[in-house]
Every structure is written in C-alpha cells, then in structure tokens.
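Here the structure is laid out as structure tokens; the discussion comes afterwards.
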C-alpha cells in the first residue's frame, strides 16, 4: 500500500502541479493588469500637480490660413507640421505642442478675412500664420478690436508692401522683405539695359489687393533709372473667370499691338503664370525683340514646375531670394520635406521645397518657441513681443525682425530660363547692386550673356514704335529737290525698286539707330513742293517727311519738327567778276591816291633837305657836276637810304635828325602797307558790290522751296523778278545767259553749289538766319522728342559732321590740278604782283636794249666784218658740199640720176 500509495501520490503530483501553474499564470496576468492600471494611475496622479499649468498649453492653438489647392499652400502646410513635430521632439514635452487649425482661403481675400476672424473668435488661437495681406489684417483688426493683439505672421509669397505700423495693425509681422528691395532689383535690371518704358502685369485680387501700392513703388524705382511704366495689365484670379484662356489671350493681343515689348510679371499665382506664358508663346510674344521679367514669387517656384512650363518660358529673366541651400540644416529639412510631400501628394512630380516652405518652417518655429516660452500664461502681446525679439539661424537664413519685417537685407540671384532649367547669372543686393563678377563655368554668365526670347544674345531694344497701329510709317521724301545730294530718288527698272539716298536720308537712318526701340518705315517719293509735302503730313496722308526741309514758323501750324540736324540761312551767290587791271596792280590799292602823293612829296622833300644841308656844309659826297646829275643822285639816295644801302656819308647832325625821323615814319608806313596789302590779298575784295544789285534784278532760286515766299514777303522782291530753277546744273547756264544776276540758296545748298563749281561763284552780303533743316512729324507725335534726342547725340559725337563732309567731298568736281592752279584759298599766286613784275621787267628791258644799242654803235666795224666773214664761210661750205655730191655720183655710175635740186645746185 505504501508503495502503491507512494506511486499514486507520485502519479497525482503532476496534476496538482499543473493546476497550480495555471492558477499562478492567471494570478500573474491579473496582477500585471492591476499593476499597469496602478502604474498609469500613478503617472496621472504624479502629473496631477502640473495639470493646472499644462492644460492650457495642451489646448493652445495656432491658426493657419493657406490656399490648400496651390503649390505654395501645400508646401506651407507640410512645413508647419514639420516645425511642430520637430519642436515636440526636441522639447520632449506634450505640453509644448500646439494644435494647428488649418483653414483654406481658396485664394479669396474675403474668405480669408472671415476665416481669420473665425479662428480668433471660436478656436481661441494664440497666433495666426498664413498668406494674409496687410489689407486683410487691417480689416480683421477693425472688425474685431478685442483680438487685434493676436500675432499674425504673414507668409505672402509675393513681396509685401511697406505697411505703416498703425494702431490697428500693431500685431502684424511679415515673414518677408520690404517691397522696395524687390522693385529696386527690377529697376536695376531695367536700368542696366536702358529700357525707357515697361509694361507691368499682375494678378489683382480686388479690394484687398496691394497692387496699387506695389505699382507706386515700382514706378518710383523706375524713375530713378530713367524709365516709366507705359501701361498696366491686370487680371483677376483664374477662378473668378468663366473662360480664363480666352481672357488672357485677348489681353495679350492688346499688349502685342503696343510698342513696348518689356513685360514685368509683378505678381501672379503659379497657375496664372503658366497660362500666361502658354498664351504668350501661341501669340508669338516669346520671340526676338521681347523681354520678360518675373519676380521673386514665380522665380522661386521654378524648381517645382513641369518641363513643359520651363520650355514655354525660354529667355525669361527673373530674380529669386538667395539663401544657403547647402547648409546642413536645410539639407535635413529638404530630406524630410521631400519624404512627407511625396507621401501626402504622390501625384506631384517635383517635391523640392521652395524658399516659401523654408520661411514657413522658420516662422512656425518662432511662433511655437514663443508660445513655449510663455508656458501658456503670457498674453498675446507678450507672445508678439517674444516673436519680434526672436533671433536664430533657420533653414532659410538668419531670422530677426525690424519694423515688423525681416531685418536682414536680401540678396537676389538673377536667373535666366534656358533649356530644361535655368542658370544663375549674377547677384544683386540693395547695398552693392550687381556683383560685378562672372558666374558659371569658364567665367561665363553675366547680364551681357543672357539668352533672350528667340534664343538670341543680342540685347532687345524693348520697344517698337506702334503709333501707326503696328503698320510701317509712311515717310514722304522730296522727289524733285534741286539738290539730290540731300535726297536722291532713283528707280531701278531691272529690279522694279525705288531707292532713296542722300545726306538727309543718312542722317535720319542714323538717328533711327539711336532710338531705344525698333521703327518700321517706308519711303514714299513726293512730287509736290515742300509746303505741299508738309500739308500731306498735316492731313495724315503721310506720317512724316524726311529731307532738306527748312524749319519755318508758318509750317509749325501744320506739323512738328525735330531738332535741326544742320544749321541754315539764306545767302546770295553771284559769279566772280575779276578785274585784271585791278588785280595786276593790287599793291597800289593798299593806299589811297592821296596817300601815295603825300608819300612821294615827303620823300622828295626830305631827300632834298638832306642833300641841300650836306652840300652847304661841304660834304663832297653830295656834290654834282650838273643839275641832271644832282637830281639823279638825289633820287637814288631816296631809295638807297630806306634800306641803308647808300654810300654817301652823312656828316651833319641836322641831316641825321631829319633822316632818323623819316626812317621812323617809313617803318610805320611800311608796316601798315604790309598789313593792308595782306588783308587785300587774303580776303577777296573783288566781289560785286550790293549797291549794283537791287530788288529789280532777276534772281534765281529753287521754285519748290520756301525761298520764293521769303523773297516776296521778307526781302520784297517782285514775283516777276524771281525765276524758278529746279536743278543745280541749271544755275551756271542761267548765269552765262544772263537770265539771272544773282541766286538765292539756303546755306547747306550753297556749300554744295560752291564746292561743285569751285571758284567761279561766291557768296556776298549778309546771311539771313533760318531754323535749319529738320524732320517733319504729325502734331503730337511721340517720335518728335525721340528723334530730336537722337539728332543731338549724332551732333555731339560728330557723326553728322562726318556725313556732311563726305557729301561735300563726293559732290565736288574741283580737280587737284584746278586747285593747284588757283591755289588754295588764302594763298597768293603771281597775279596780284603782275603790275610790279611789268614795271620791273619793262625797266630791265629798256636798260637791256639801251645797252645793246650802245654796244652795237661802239663796235659797228667789228660786227660788220664778223657778219661778212660768216656769210663767206657759209657760201664756201655749201660749194664744197655740192662738189662732194658730184664726185659721189660719178663714182656710183650712170644708174644714179641727179635730182632736180642737185642739177640746179
């Protein structure tokens, strides 16, 4: 039994142990549950003391106002969630994690105001972050005075306007820079390329929009660089339009018809920007000659748009806020952002964060940090002060505030959309302007190497003249001008084309090249008079007139003139009538006849006195054997003493006194004679006197010009005494036939005429000042100012003078031989000294022949014998020659016959 019992007990023992084990497990589970419950309750009881301080923080909320459907709104929402998550992870306290109350503005400012007020009234938020404009915040503060101290952190993607910190807007903080820095950057780009007019394009949200203030700042900045806003193109948000595509297309068509081709996209949503450039491409507004500049809010999103959008924006220039996207903090932020963005928005192709996401992250961090520092006990005013005093290095850069905006001045990166992306070409900052150094590889990438729309690197002029609704200007040119050196109209029958050339045409085309825009025009030859051509401009048959058109007061009643490109005046031209006798004895005209007589009398008298005085005092050099010898020696002494070449010795002091006085007189008179004779020789005095030309003489002029009217009304010539001459070649013929006694020219025409006919004609009399040659435009034409400025530039740089000299040189027919024979103007030839040469030659000839006669008389016998001997020798020589000829004939035989002359000889 015992053994059996023992065995039984042994057998039963496992069962007992198993039940015990089961019971123990149940007890253990129960105890674990009880223990966990007790532990949880103990934790709750342990935190019960802090609950009164924590519950407020746990329920602290941050209002969020974004446009959820937009790219920026999506980035901002994720950035806020990341900032709160990172803050909670760092602080490791549930009490420090505010709740985000996200509201959708749907791009509607009115809805944004309503939702902000709802957040303040019903959600009891401690701060609001979102795309809230200053106007919207002001309206909220006006409607709800009690909540005006709640901080509002503005994340508007576009640069916000400088908004005054009024009493109703003390809690408004802008997470962006002053708008003036953005407009200054745009103006710097415009000023660099010297574009004088621009067109602004922006998306206007109506009553709550700050667009007008934005335009004011842009206009002020452009004025500093000499540019202006020519026109504005505003459009509402796309969801306000029933057919956005047609609306944008119609607006762009109107802009295309205007002359300005520089477009600045100031403010726009990404969707509107994409549609705008799509339509611009379709309308040919992304081709050569156009300029597109986009602002920061669009440029900063180019990393997150499709390739099709980039391809539609080729050649666009923009600027975006520069920040350190290579810092470690931003790399970590970018990595987390991309992961969350792809998870939440898997259909989005690009997940890179823009600067707006980075700034939203920093703004949320600053707000959460301020709420955390308040421990839930501080007022909204204290939280606002804490936010404004925040200073830290965020993922978007250094964060600090001044006057409710970011304190650190921005640096903008200038970009150029090209290929499948864009390239950074320069930097700009408000303190230093452009960086002045190259970017990219091989030193390339500056503002002068931008690829503009159309793929060209040539800087667009930015404007074409559109005053004729896009049609080329019809410019009249005189076809029957008397001087084709200024305007020449020629027709080529082979090519069936009309060409217009000449000095006036060259000046006009050079002025057009100086314009800051392209000008399309065609020349239309006009066969009427100049006055009739000006009338056609007045009647708007012609848009302008180019030629040698004189600026006259009566013409100003019908048209406007540009700055004169060459001075002008009315002059007289007559043939040179030379007086051979007068020119041969020109030296005699240095003094009057009375002066010559006085000089001769004084000379004879002075010499006689000296001779008489010396002779009386016994000077042997002044003695003569006869009266004739005395007179001859006295005359010689008068000539020799002037050059101190006399041989007679002056011994008496009285004689010396007389001679010294006379010598001084002669020196003064000789100097005056030299000066007067030089003046006579260098300045032609052989012009016809105006006394011989009166109003009754027949004069010639260009019948198609104003000169006929001027001669009748101003100079009082009779119409029957005025002959119309239509060509420069007709004037010499008219002078030769004595059909006209004088010709009237405007001074530029006179220069051409005198240059062509050399020294045959000359100007006489005064020049009647006129207005000069100018270009004719319609009243009120904007081209007048621009062409006038261009003409002034050409005048100052000497280009007009060069063109004028080339014209005169090409139209001159004076050969080098003619110039040498006549001598350059201002030099002397032998003609003025003909009289002196004749007198000197005659005296020399007289002396020669007198001496020769005396020689013959003295040696008459010798000369006669020499003559006879010469004749005899010539006879003997001739006889010997004949003898030799006869001998030669005899030797040659009978075949040689003698000539008749030989027989005679």
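In the UniProt record's numbering, the protein residues as written are 1 to 905. By construction, the Cβ of each residue, glycine as well, lies at the ideal position given by its N, Cα and C atoms. All of these numbers come straight from a predicted model, not from anything done at the bench.
For residue j and residue i, believed in contact at Cβ under 8 Å, the rounded distance
i	j	result
residue 475	residue 522	7 Å
residue 482	residue 725	7 Å
residue 384	residue 177	Not quite, the Cβ-Cβ distance comes to about 20 Å (not below 8 Å), so this is no contact.
residue 777	residue 535	The pair is not a contact, with the Cβ atoms about 14 Å apart (cut-off 8 Å).
residue 723	residue 733	Actually they do not touch by this definition, with Cβ atoms about 12 Å apart.
residue 275	residue 245	7 Å
residue 397	residue 324	7 Å
Paired residues, beta bridge with residue i - DSSP
i	result
residue 746	570
residue 497	492
residue 550	773
residue 476	524 and 545
residue 422	417
residue 402	405
Three-state class that DSSP yields for residue i in the structure shown
i	result
residue 23	Residue confidence for residue 23 is low, a pLDDT of 44 falling below 50, so the modelled location carries little weight and cannot support an answer.
residue 662	helix
residue 70	coil
residue 719	helix
residue 154	strand
residue 610	helix
residue 877	helix
residue 314	coil
residue 811	helix
residue 532	helix
residue 98	coil
residue 286	coil
residue 412	strand
residue 322	coil
residue 560	strand
residue 766	strand
residue 65	strand
residue 118	helix
residue 795	helix
residue 575	strand
residue 445	Its pLDDT being 48, under 50, residue 445 is placed unreliably in this model, and the value from its coordinates should be taken loosely. Correct three-state label for residue 445: coil.
residue 53	At residue 53 the pLDDT is 47, less than 50, meaning the model places this residue with poor confidence; the figure from the coordinates comes in the next sentence. Three-state result, residue 53: helix.
residue 679	helix
residue 247	helix
Whole-angstrom distance between residue j and residue i, CA atom to CA atom
i	j	result
residue 260	residue 537	25 Å
residue 658	residue 588	27 Å
residue 798	residue 787	16 Å
residue 575	residue 569	20 Å
residue 710	residue 737	25 Å
residue 281	residue 312	7 Å
residue 886	residue 862	37 Å
residue 873	residue 627	52 Å
residue 559	residue 486	21 Å
residue 172	residue 428	28 Å
residue 410	residue 431	10 Å
residue 349	residue 306	8 Å
residue 858	residue 868	18 Å
residue 555	residue 780	15 Å
residue 866	residue 876	16 Å
residue 214	residue 412	18 Å
residue 60	residue 370	12 Å
Beta carbon proximity, residue i to chain C, threshold 9 Å
i	result
residue 67	Absent from the structure is chain C; it holds one protein chain and no more.
Given residue i as reference, the closest of the options once Cα atoms are compared
i	options	result
residue 64	224, 796, 660 and 363	363
residue 387	306, 126 and 853	126
residue 498	526, 508, 108 and 257	526
residue 174	137, 197 and 141	137
residue 802	532, 504 and 430	504
residue 356	374, 329 and 320	320
residue 264	719, 107, 185 and 243	185
residue 130	415, 656, 352 and 79	79
residue 366	634, 298 and 394	394
residue 785	716, 564 and 61	564
residue 415	770, 494, 789 and 294	294
Proximity test, residue i beta-carbon vs the ligand ZN heavy atom, cut-off 8 Å
i	result
residue 795	As presented, the structure is devoid of all ligands, the ligand ZN included, so that no description of it is given.
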